[in-house]
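Residue numbers (the numbering used here), protein chains in the order written: chain W, 1 to 140; chain V, 1 to 140.
Cβ atoms here follow ideal geometry from the backbone N, Cα and C, with glycine treated the same way.
Each remark here refers to the structure printed beneath this line.
There are 2 protein chains.
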Amino acid sequence: MANHDPDLTDGLFQLSFLLLSRLTRIAGDHDLSVVQVRLLGILRDREPGMLELARYLDLEKSSLSGLVDRAEKRGLVERIPSTDDRRAATIRVTARGRKLTRTVADAVHAEIDALAAPLPDADRKRLAALVWQVLPAEKK
Amino acid sequence: MANHDPDLTDGLFQLSFLLLSRLTRIAGDHDLSVVQVRLLGILRDREPGMLELARYLDLEKSSLSGLVDRAEKRGLVERIPSTDDRRAATIRVTARGRKLTRTVADAVHAEIDALAAPLPDADRKRLAALVWQVLPAEKK
DNA sequence: TATTGTTATACTCTATAACTATA
DNA sequence: TATAGTTATAGAGTATAACAATA
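As structure tokens, then:
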């Protein structure tokens, strides 16, 4: 009955795929892809240039162009031309994008809370603490 | 200094994206995509039909056709025509696919072990147990 | 009629390479 | 020359709808 020594790697990937699948569905409910949600999430508290954004998302700068194009076309973000470097622009989330970000974030939170709800409160806290301990410093 | 009450949802998604990024890189080292790795992983101990496989991967059956086509073209899997239902086929991993699956799985395991290595042994076990507790029964 | 699977089509996402404009 | 960003192109992955073959 008791899982003796369940494998950490397998469990983490099972959980990752489950979370990703939930996120994909929630994003899809708002006509967003997972990467668009990540983009919006990054823009919550930053106004990065394209190269910086590419680094955050671990994408080539060329991949960013289309991504930002599609988000801009939907009025979720805007390109703000830099005043001091006429090659550069920063990407800023619009009011509409910010609203959508909040909506999606709330839905995601509710979903994950429900997933973890069966755990006793102390275990949920322990899990959160352990997860954050595994994350490398630059992700925190 | 101490993260007081770090958010569970945020931590889990940070970790999920980190794991996914590691998996993407490892898969790419072997010219595989993440979904191809998942496909191979499922075939380790099953020989499902296309519809069954679609259900495992949470994809439309039409998406499976191309996925399996590409894997078959590389000699990683093969379509075995069903003997009792001439519409149907099962998907079987080849010897070559099995070997590649092991290689990738080993690399992934090593990578995640390294990631979790800073944790004391007891904490690693606790983390694994908690993760498995969050997973719904059908994933175990 | 229902089911298994493929095909046609369209879109998103991604990379590489070549390019433009500015520094 | 170097840097910020876009464009051209190609391919994987995905879905919807229509289809073929078999049950």
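7 angstroms Cβ cutoff, residue i in contact with chain W
i	result
Pro6/V	yes
Asn3/V	The pLDDT assigned to Asn3/V is 44, lower than 50, so where the model puts this residue is not dependable, and the model offers no usable value.
Neighbour flag for residue i against chain V, beta carbons, 7 angstroms
i	result
Ser33/W	no
Gln14/W	yes
Gly11/W	yes
His30/W	no
Ile42/W	no
Ile112/W	yes
Glu138/W	no
8 angstroms Cβ cut-off: residues of chain W touching residue i
i	result
Leu205/V	No information on residue 205/V is available, as it lies outside the stretch 1 to 140 that chain V covers here.
In DSSP terms, what residue i is bridged to
i	result
Val77/V	Val93/V
Gly49/V	Thr90/V
Partner residues on chain W for residue i, Cβ-Cβ distance less than 7 angstroms
i	result
Asp58/V	Ser21
Ala116/V	Leu8, Val134
Nearest candidate by alpha-carbon position, reference residue i, set the options
i	options	result
Arg102/V	Ala114/V, Arg22/V, Arg44/V	Arg44/V
Leu32/V	Arg87/V, Gly97/V, Arg79/V	Gly97/V
Arg74/W	Arg86/W, Arg124/W, Asp10/W, Leu40/W	Leu40/W
Pro48/V	Leu119/V, Arg79/V, Asp7/V	Arg79/V
Arg92/W	Asp69/W, Asp113/W, Val108/W, Val104/W	Asp69/W
Pro136/W	Leu59/V, Ala117/V, Leu64/V, Val35/V	Ala117/V
Glu138/V	Gln14/W, Met50/W, Ile26/W, Asp7/W	Gln14/W
Ala89/W	Leu67/W, His30/W, Leu51/W, Glu60/W	Leu51/W
Proximal chain V residues relative to residue i, where beta-carbon distance stays under 8 angstroms
i	result
Val108/W	Thr9, Phe13
Element boundaries [alpha helix (DSSP H), containing residue i]
i	result
Thr9/V	8-29
Ala122/V	121-134
Leu39/V	34-43
Partner residues on chain V for residue i, Cβ-Cβ distance less than 7 angstroms
i	result
Ile91/W	Under the 7 angstroms cutoff, chain V gives no residues; its nearest Cβ is about 19 angstroms from Ile91/W.
Contact set between residue i and chain V, taken where Cβ atoms lie within less than 9 angstroms
i	result
Leu64/W	By Cβ distance, chain V contributes nothing, its closest Cβ being about 16 angstroms from Leu64/W, past 9 angstroms.
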